[in-house]
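Asker:
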Amino acid sequence: MKKLLVFVILAFTLMGCSEESKAKNTAEEYMDSVKNGDEFEEIIAEEEFIDVFDYEYLKTIDEYEEKEIKTLKFSIWESVYGEESDPLYPTFEEYKKSYIEPMEAAGKDYEIIKDNGEVLEYWDGETYKKVYELLYNVEIANELGEKIYKKAEITVEESVVEDGDDLKEGFIISDINLRD
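In our numbering, the protein residues as written are 165 to 344.
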């Protein structure tokens, strides 16, 4: 009996620490933040809830890995190096090369997704991120402030998130889709 109890406790502990439960916690922290009128930083989805009255987790629709795309922006380079008299990277092109040339020298199978004067998006040939598509019943407000009941598909993906003044591995909400 003691062994069974230890096994059950261990199983629940491990389940509570899974990546899927962390993704689910991110989705639920977002809905709780909206419900309470608080800010929520870990969201890049175009669609956002106006207000949340209640929600219920139904299931995980899908779980997969996708390429982690890295982005370099001219605006970031300009704010860091653009005003310096003797910058480490005098041009945005040199800044981009500082990321690409080491991958070329190492013989990595990297991929350029987008490259123009404003943005460089690339995959380093190695890094993937976990993505979870979660399904919830939600009671939310529409644009008129009326309560509506919908099924919401919330996509949550691994990312670097802020933790006070530090950065850490966590999850962000990348998409919210309300089913008709």
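A virtual CB, placed ideally from N, CA and C, is assigned to each residue, including glycine.
The model shown is predicted, which means the values in this text are computed figures rather than measured ones.
(1) Sort Phe213, Glu210, Glu230 and Glu211 by Cα distance to Ser323 and report the nearest one.
(2) So, Glu285 versus Leu236, is the Cβ gap smaller than 9 Å?
(3) Measuring from the CB of Gly328, is there a heavy atom of the ligand MG at a distance below 8 Å?
(4) Leaving out five residues before and five after Tyr274 in sequence, what residues of the same chain have Cβ atoms less than 8 Å from its Cβ?
(5) Could you spell out where the alpha helix (DSSP H) holding Ile240 opens and where it closes?
(6) Which two residues bound the contiguous alpha helix (DSSP H) that contains Phe335?
(7) Alpha carbon to alpha carbon, what distance is there between Glu220 and Tyr300?
(8) Once DSSP output is grouped into helix, strand and coil, what is the label at Lys260?
(9) Could you tell me the boundaries of the beta strand (DSSP E) in which Asp288 lies?
(10) Helix, strand or coil for Met179 per DSSP?
(11) Please name the residue in Trp241, Ile233 and Tyr245 whose C-alpha comes closest to that of Ile276.
(12) Could you tell me the distance, in whole angstroms, from the CA atom of Leu184 to the CA atom of Glu247?
(13) Considering only C-alpha positions, which residue in the set Tyr194, Ala209 and Ile208 is nearest to Asp202?
(14) May I have the straight-line CA-CA distance separating Pro251 from Tyr259, to the nearest angstrom?
Answerer: Taking the geometry as given:
(1) Along the sequence shown, one-based indexing puts residue 323 at 159. Residue Glu230 is the option with its Cα nearest to Ser323.
(2) Translated into positions along the sequence shown, residue 285 becomes position 121. Translated into positions along the sequence shown, residue 236 becomes position 72. Yes, Cβ-Cβ distance for Glu285 and Leu236 is below 9 Å.
(3) Looking for the ligand MG in the displayed structure turns up nothing, as the structure carries no ligands at all.
(4) The residue labelled residue 274 in the question sits at position 110 within the sequence shown. Excluding sequence neighbours, Tyr274 sits near Ile264, Met267, Glu268, Tyr286, Trp287, Asp288 and Gly289.
(5) Walking along the sequence shown from the start, residue 240 turns up at place 76. Phe238 to Tyr245 is the extent of the alpha helix (DSSP H) around Ile240.
(6) Taking the first residue of the sequence shown as 1, we reach residue 335 at position 171. From DSSP, Phe335 is part of no alpha helix (DSSP H) but of the beta strand (DSSP E) over Asp330 to Leu342.
(7) Taking the sequence shown and counting its residues from 1, one reaches residue 300 at position 136. Taking the sequence shown and counting its residues from 1, one reaches residue 220 at position 56. Between Tyr300 and Glu220, the C-alpha separation is close to 5 Å.
(8) Locating residue 260 in the sequence shown gives position 96, where the first residue counts as 1. The answer is helix: DSSP assigns Lys260 an H, G or I state.
(9) The residue given as residue 288 occupies position 124 in the sequence shown. That run of the beta strand (DSSP E) goes Val283 to Ala305.
(10) Working through the sequence shown from its first residue, we reach residue 179 at position 15. With a pLDDT of 46 at Met179, under the threshold of 50, the modelled position of that residue is not reliable, and the figure given next carries that caveat. In the three-state reduction of the DSSP assignment, Met179 falls in the helix class, which pools H, G and I.
(11) Within the sequence shown, residue 276 is the residue found at index 112, counting from 1. Ranking the options by Cα distance to Ile276, first place goes to Ile233.
(12) Sequence index remark: in the sequence shown, residue 184 carries index 20 (1-based). Sequence index remark: in the sequence shown, residue 247 carries index 83 (1-based). Looking at the sequence provided, one finds Glu at residue 184 rather than Leu. Whole-angstrom Cα-Cα distance: 43 Å.
(13) In the sequence shown, residue 202 corresponds to position 38, counting from 1. Checking every option, the nearest Cα to that of Asp202 belongs to Tyr194.
(14) Indexing the sequence shown from 1 puts residue 251 at position 87. Indexing the sequence shown from 1 puts residue 259 at position 95. Straight-line Cα distance between these residues: approximately 10 Å.
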